[in-house]
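*Asks:* Quick note on the numbering used here: the sequence shown kicks off at 489 and runs consecutively. Ideal Cβ placement from N, Cα and C applies to all residues, glycine included. Here the structure is a predicted model, which is why all the values come from computation and not from measurement. Structure provided below as structure tokens; questions to follow.
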Amino acid sequence: MSPFVLPETPLRLCVVLVGLPARGKSFIAHKLVRYFSWLSVPTKSFDFTTQFSPADLDVQLTRDQLNQAAVDSLHGILSWLDSLGDSPGVVIYDGPNVTVEDRQLVSVALKDAGVDIVFLESFCDDESLISGNILTNARKSNINHDYLASIYQPLSLNTGSDLSFIKLINFSDQIILNKIDSYLKSRIVYYIMNLHVKPRYIWLSRHGESMYNLEGKIGGDASLSPRGFKYAEKLKSLVEEYIPNSSQLQIWTSTLIRTKQTSQYLPHPKKSWKALDELDAGSCDGLTYEEIAEQFPDDFKARDDNKFEYRYPGGESYRDVITRLEPIIMALENQENVLVITHQAVLRCIYAYFVNVSQEESPWMSIPLHTLIRLEIGPNGTQVTRIKADIPAVSTYKEKGTSKLGESKDGKNRLEGEVISST
């Protein structure tokens, strides 16, 4: 079981979205699935519109058709939860659920099956959000809008005082809460309150090449190598050239010296986070992979077999790193124009969240030194651009099954997106 789910927390939770089309429900569903999946909680979204054919979506649907789609969606939800066995699970029901009757149908069906429920309404009367279609898919926004608007009964304490619900008004202008009575529900509130819906940039970089990198050692608190210091100087010009409004940039580093040295030429506000420190290698700290394979052969193999779950003796696993990175993710969701200078394992976890990389793949991603990564984050996903500085550095990438360092020849596990070479 994921350590994220506390024992007293109901093992099954359904987040039932409420609201008219073009109010950001699908955006919220997508973000919640990404968040809980990143925390290793099995999560799935059930989109109400998948119950209809493309031809159905272009005509006026009857009330009976809408009701049947709701029933079919609930069957799918319960079937998926049942398939989890004893594992916890979060399901997002992405449908209109615009009337008291609709919500009663959902409540009865799910509660009878032992599923906890929280309704999450996105109420929006801000025309700039609606007409701009910032938060939703254009095709879905036209589904029975006039009919649904005519029967819409927003959540309120008058009609839903017995329900557990979160009501967003114009996404983040105001939030109304009622009966938020479990740990998972409180995490949803915390997460939703930090969401940022406008397109923005987040910038990522590893520290410059360190002396430990040159020696093939992991962990430690080593200083930069001469080439690492050159990258620190180069990073200042990369920021000036590629980051719009760089005067407003914030710099976040770990508490380790190599990240602080990498940021030393940047004339921007800086903040050091202990949560951004590199994965703790425990008793293997300061060793090379060859030394680990020789001194701890069972551990070396166990880590290759399950890199995400494996915890170094006296140290951390990737799962542990994700747990301590949750406040960082919350802060990044609520920020723009931030450059995070940190370490290989930590950047793998942050990148995996924003680009939706699975936990099985993320520990094997190649995050090269002397590269500035731009994440362009929008309502429909994240675009990645890599800006490579013309300063050589060793590779710290280790493929599965070997103790040797070096990039994979077949190009597997490399970051996606455009590559820009900066001289």
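What's the gap between the Cα of Asn794 and the Cα of Gln847?
*Replies:* As a working mapping, residue 794 is identified with position 306 in the sequence shown. As a working mapping, residue 847 is identified with position 359 in the sequence shown. Roughly 10 Å separates the two Cα atoms.
*Asks:* With Leu608 and Val504 assumed to form a contact (beta carbons below 8 Å), what rounded beta-carbon distance in angstroms separates them?
*Replies:* As a first step, residue 608 is located in the sequence shown; it is residue number 120 there, counting from the start. As a first step, residue 504 is located in the sequence shown; it is residue number 16 there, counting from the start. Yes, Leu608 and Val504 are in contact; Cβ-Cβ is about 7 Å, under 8 Å.
*Asks:* May I ask which residues mark the beginning and end of the beta strand (DSSP E) holding Ser693?
*Replies:* As a working mapping, residue 693 is identified with position 205 in the sequence shown. Its beta strand (DSSP E) spans residues 688-694.
*Asks:* Compare the Cα-Cα distances from Gly696 to each of Val834, Ala790, Leu643, Pro714 and report the closest residue.
*Replies:* The residue labelled residue 696 in the question sits at position 208 within the sequence shown. Nearest of Val834, Ala790, Leu643, Pro714 to Gly696, Cα basis: Pro714.
*Asks:* I'd like the span of the alpha helix (DSSP H) that includes Arg791, first residue to last.
*Replies:* For the purposes of this step, residue 791 is identified with residue 303 of the sequence shown, where counting begins at 1. Looking at the DSSP string, the run of the alpha helix (DSSP H) that includes Arg791 is 785-793.
*Asks:* Are the beta-carbon atoms belonging to Val606 and Thr531 less than 8 Å from one another?
*Replies:* Stepping through the sequence shown from its first residue, residue 606 is reached at position 118. Stepping through the sequence shown from its first residue, residue 531 is reached at position 43. In this structure, Thr531 does not lie closer than 8 Å to Val606 by Cβ.
*Asks:* Specify the secondary structure class of Lys519 as computed by DSSP and reduced to three states.
*Replies:* Numbered from 1 along the sequence shown, position 31 holds the residue referred to as residue 519. Correct three-state label for Lys519: helix.
*Asks:* Sorted by chain position, which residues of the same chain lie with C-beta nearer than 7 Å to Ala781's C-beta, five sequence neighbours on each side aside?
*Replies:* In the sequence shown, the residue the question calls residue 781 occupies position 293. Excluding residues within five positions, the ones whose Cβ falls inside 7 Å are Phe788, Ser891.
*Asks:* Alpha carbon to alpha carbon, how far is Leu501 from Ile817?
*Replies:* Translated into the one-based positions of the sequence shown, residue 501 becomes position 13. Translated into the one-based positions of the sequence shown, residue 817 becomes position 329. Straight-line Cα distance between these residues: approximately 22 Å.
*Asks:* Are there three or more Cβ pairs, one per stretch, closer than 8 Å when the region 736-744 is compared with the region 820-831?
*Replies:* With a cut-off of 8 Å, the region 820-831 and the region 736-744 count as touching, because enough Cβ pairs lie within range.
*Asks:* Could you work out which residue in Ser616, Glu615, Leu562, Asn585 is closest to Lys599 when comparing CA atoms only?
*Replies:* Walking along the sequence shown from the start, residue 599 turns up at place 111. Of the candidates Ser616, Glu615, Leu562, Asn585, the one whose C-alpha sits nearest the C-alpha of Lys599 is Leu562.
*Asks:* Taking just the CA atoms, how far does Pro867 sit from Glu814?
*Replies:* Locating residue 814 in the sequence shown gives position 326, counting from the first residue. Locating residue 867 in the sequence shown gives position 379, counting from the first residue. Cα to Cα, the separation comes out at about 21 Å.
*Asks:* Out of curiosity, what's the CA-to-CA distance linking Tyr730 and Ala510?
*Replies:* As a working mapping, residue 730 is identified with position 242 in the sequence shown. As a working mapping, residue 510 is identified with position 22 in the sequence shown. In a straight line, the C-alpha of Tyr730 is about 34 Å away from that of Ala510.
*Asks:* Is the CB-CB distance between Tyr753 and Arg862 below 8 Å?
*Replies:* What you label residue 753 is simply residue 265 of the sequence shown in a count that begins at 1. What you label residue 862 is simply residue 374 of the sequence shown in a count that begins at 1. No. Outside cutoff.
*Asks:* Is it true that the region 673-689 meets the region 512-531, where meeting means three or more beta-carbon pairs spaced less than 8 Å apart?
*Replies:* Contact holds: three or more Cβ-Cβ distances are below 8 Å.
*Asks:* Using DSSP with H/G/I as helix, E/B as strand and the rest coil, what is Gly577?
*Replies:* Along the sequence shown, read from residue 1 onward, the residue named residue 577 stands at position 89. Strand at Gly577.
*Asks:* Measure the alpha-carbon distance for Ile855 versus Glu887 and round it to whole angstroms.
*Replies:* As a working mapping, residue 855 is identified with position 367 in the sequence shown. As a working mapping, residue 887 is identified with position 399 in the sequence shown. Taking the straight line joining both Cα atoms gives about 13 Å.
*Asks:* Kindly indicate which three-state DSSP category Gly648 falls into: helix, strand or coil?
*Replies:* Against the sequence shown, residue 648 aligns to sequence position 160. Helix.
*Asks:* Check for me: the beta strand (DSSP E) holding Phe717 runs from which residue to which?
*Replies:* To locate residue 717, count along the sequence shown from 1; it is residue 229. Per DSSP, Phe717 belongs to no beta strand (DSSP E); it is in the alpha helix (DSSP H), 714-730.
*Asks:* Rounded to whole angstroms, what's the CA-CA distance from Arg694 to Arg522? Just pull it up for me.
*Replies:* Position 206 of the sequence shown holds residue 694. Position 34 of the sequence shown holds residue 522. If you take the alpha carbons of Arg694 and Arg522, they lie about 24 Å apart.
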